[in-house]
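> The structure follows.
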Amino acid sequence: MRIKSALIVLAVAALLAVSLVAVSQRPARVAAVDFAVTVTPTQPTYAAAVAPVDPAPIKQFRIPITHDSIEIAPGVRYPGWTFGGTVPGPVLRVRQGDQVRVRLVNDAPMGHSIDFHAARIPMSDAYRTIGPHDSLDFAFTARDPGVFLVHCGTPPVLMHIMQGMYLAIIVDPKRGWPTHADREYVLVQSEFYARPAADGVAQPSYEAALGGAASYVVFNGRAFQYQVTPLTLQVGDHVRFFVVNAGPNLTSDFHVVGAVFDHVYPDGDPAHALSGVQTWAVPPGGGAVFETTFEKGASGAGTYAFVTHAFADASKGAVGLIRVSEPNQVAQRER
Ligand code: CU
Ligand code: CU
């Protein structure tokens, strides 16, 4: 009898162990990121390459709001307002149908808020302004695929956006993108309205913003950064650019010098497919997906530029380079 009960105990223990292993091997239901801990690298450039979407069906983002010194052009500091300590804030990536849980935490000395263009949700609850030390929780289902702007919507919105409060969210289509991409990049265009100051720290000019007189127009928060440190690709790469225009005022006429876009998806929804596109305008508050291939016999090895084709704006910083090399010549790739 004693042997029998010992055997039963052993069998139960074995079953428990097996089910524990099964549970631990099941894919996580929730992918949680705290952007106070996971801070987007901005040196030598804002990290434009994006990782694939996490398979967990629930995405949980803790987004701190801070006031931080940022670099908006080589050697030019600026008193920015941020999501997650950087301008733009972190890239969020989810899949169509995912539940997105947001915890907004205000670590800044004044009121702020967050507005998700990817959400269908009452703005009066989710997008309300919260004071210093306050936090706000809300959730939505990402129903629409694409690439969307997220920004602070606290009045005056013009001021909160010109100060840097924006980021991009990618909502991958439920069944994935129609074509394979070897590399994916996020590029957020925006403007700064800054008066130069003697101490090297530029100061905001709300009057210049009201008049639309931008001092810098930038991709991913800093003028000319990808001209100094280009994006690097290999011959044969099919590339997908997620372009979001935070504005606050100017349209982004996105174009790659030396390439033609195989596909453009306005708003990033593959149902909006265009083909053979030279330039596509992304309005302030909008986004689009651009795809092209750097292939032999066409846009092969060489140097290319991505710009807004509004060249007054490109001259103010919204220009970057893409260096395409033969696979065996690539010494190091920014992964
Ligand atoms: Cu704000
Ligand atoms: Cu908006």
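In numbering that gives the first Met the number 0, the protein residues as written are 0 to 334. Ideal Cβ positions, reconstructed from N, Cα and C, are used throughout, including at glycine.
Give a single yes or no on whether residue 148 has its beta carbon closer than 8 Å to a heavy atom of ligand 2.
Taking the sequence shown and counting its residues from 1, one reaches residue 148 at position 149. Correct: residue 148 has its Cβ closer than 8 Å to ligand 2.
> Taking the alpha carbon of residue 298 as the point to measure from, which residue in 315, 324, 284 has its own alpha carbon closest?
As a position in the sequence shown, residue 298 is number 299, starting the count at 1. Closest by alpha carbon: 324.
> Quick one: using the 10 Å Cβ neighbour count with 16 as the cut-off for buried, is residue 310 buried or exposed?
By one-based count along the sequence shown, residue 310 stands at place 311. Result: exposed.
> Find out if the Cβ-Cβ distance for the pair residue 228, residue 43 is shorter than 9 Å.
Counting from one through the sequence shown, the residue named residue 228 turns up at place 229. Counting from one through the sequence shown, the residue named residue 43 turns up at place 44. Cβ atoms of residue 228 and residue 43: closer than 9 Å.
> Which class does residue 0 belong to by DSSP, given the choice of helix, strand or coil?
Mapped onto the sequence shown, residue 0 falls at position 1. The pLDDT assigned to residue 0 is 46, lower than 50, so where the model puts this residue is not dependable; a value taken from the coordinates is nonetheless given after this. The answer is coil: DSSP assigns residue 0 none of H, G, I, E or B.
> Alpha carbon to alpha carbon, how far is residue 192 from residue 292? Give it in angstroms, no decimals.
Counting from 1 along the sequence shown, the entry for residue 292 is found at position 293. Counting from 1 along the sequence shown, the entry for residue 192 is found at position 193. For residue 292 and residue 192, the distance between alpha carbons rounds to 35 Å.
> What's the gap between the Cα of residue 203 and the Cα of residue 78?
In the sequence shown, residue 203 corresponds to position 204, counting from 1. In the sequence shown, residue 78 corresponds to position 79, counting from 1. Distance between the alpha carbons of residue 203 and residue 78 is about 8 Å.
> Does the segment 233-250 come close enough to the segment 161-180 that 3 or more CB-CB pairs lie under 8 Å?
With the cut-off at 8 Å, the segment 161-180 and the segment 233-250 touch.
> List in chain order the residues whose CB is within less than 5 Å of at least one heavy atom of ligand 1.
Taking each Cβ in turn, the ones that pass are 111, 151, 153, 159, 164.
> Output yes or no for whether 9 Å exceeds the beta carbon distance between residue 295 and residue 213.
Mapped onto the sequence shown, residue 295 falls at position 296. Mapped onto the sequence shown, residue 213 falls at position 214. Not in contact: residue 295 and residue 213 (Cβ atoms no closer than 9 Å).
> Does the Cβ-Cβ distance between residue 318 and residue 307 come in under 9 Å?
Counting from one through the sequence shown, the residue named residue 318 turns up at place 319. Counting from one through the sequence shown, the residue named residue 307 turns up at place 308. Yes.
> Within the same chain, show all residues whose beta-carbon is closer than 7 Å to that of residue 196, passing over the 5 residues directly before and after it, in chain order.
Position 197 of the sequence shown, counting from 1, holds the residue named residue 196. Here the set comprises 202.
> So residue 267 and residue 93 are supposed to be a Cβ contact under 8 Å. How far apart are they, rounded?
Working through the sequence shown from its first residue, we reach residue 267 at position 268. Working through the sequence shown from its first residue, we reach residue 93 at position 94. Wrong, their Cβ atoms sit about 13 Å apart, outside the cutoff.
> Please report the distance separating the alpha-carbon of residue 326 from that of residue 159.
Taking the sequence shown and counting its residues from 1, one reaches residue 326 at position 327. Taking the sequence shown and counting its residues from 1, one reaches residue 159 at position 160. Taking the straight line from one Cα to the other gives about 43 Å.
> Exposed or buried, what is residue 161 when buried is set at 16 or more other beta-carbons lying within 10 Å of its beta-carbon?
Translated into positions along the sequence shown, residue 161 becomes position 162. Classification for residue 161: buried.
> Taking a contact to mean a Cβ-Cβ separation below 9 Å, would you say residue 34 touches residue 87 in this structure?
What you label residue 34 is simply residue 35 of the sequence shown in a count that begins at 1. What you label residue 87 is simply residue 88 of the sequence shown in a count that begins at 1. The answer is no: Cβ separation not under 9 Å.
> Do residue 284 and ligand 2 come close, with the Cβ less than 8 Å from some heavy atom?
Taking the first residue of the sequence shown as position 1, residue 284 is located at position 285. Yes; taking the cut-off as 8 Å, the Cβ of residue 284 has a heavy atom of ligand 2 nearer than that.
> How many angstroms separate the CA atom of residue 118 from the CA atom of residue 206?
As a working mapping, residue 118 is identified with position 119 in the sequence shown. As a working mapping, residue 206 is identified with position 207 in the sequence shown. Answer to the nearest angstrom: the Cα atoms are 32 Å apart.
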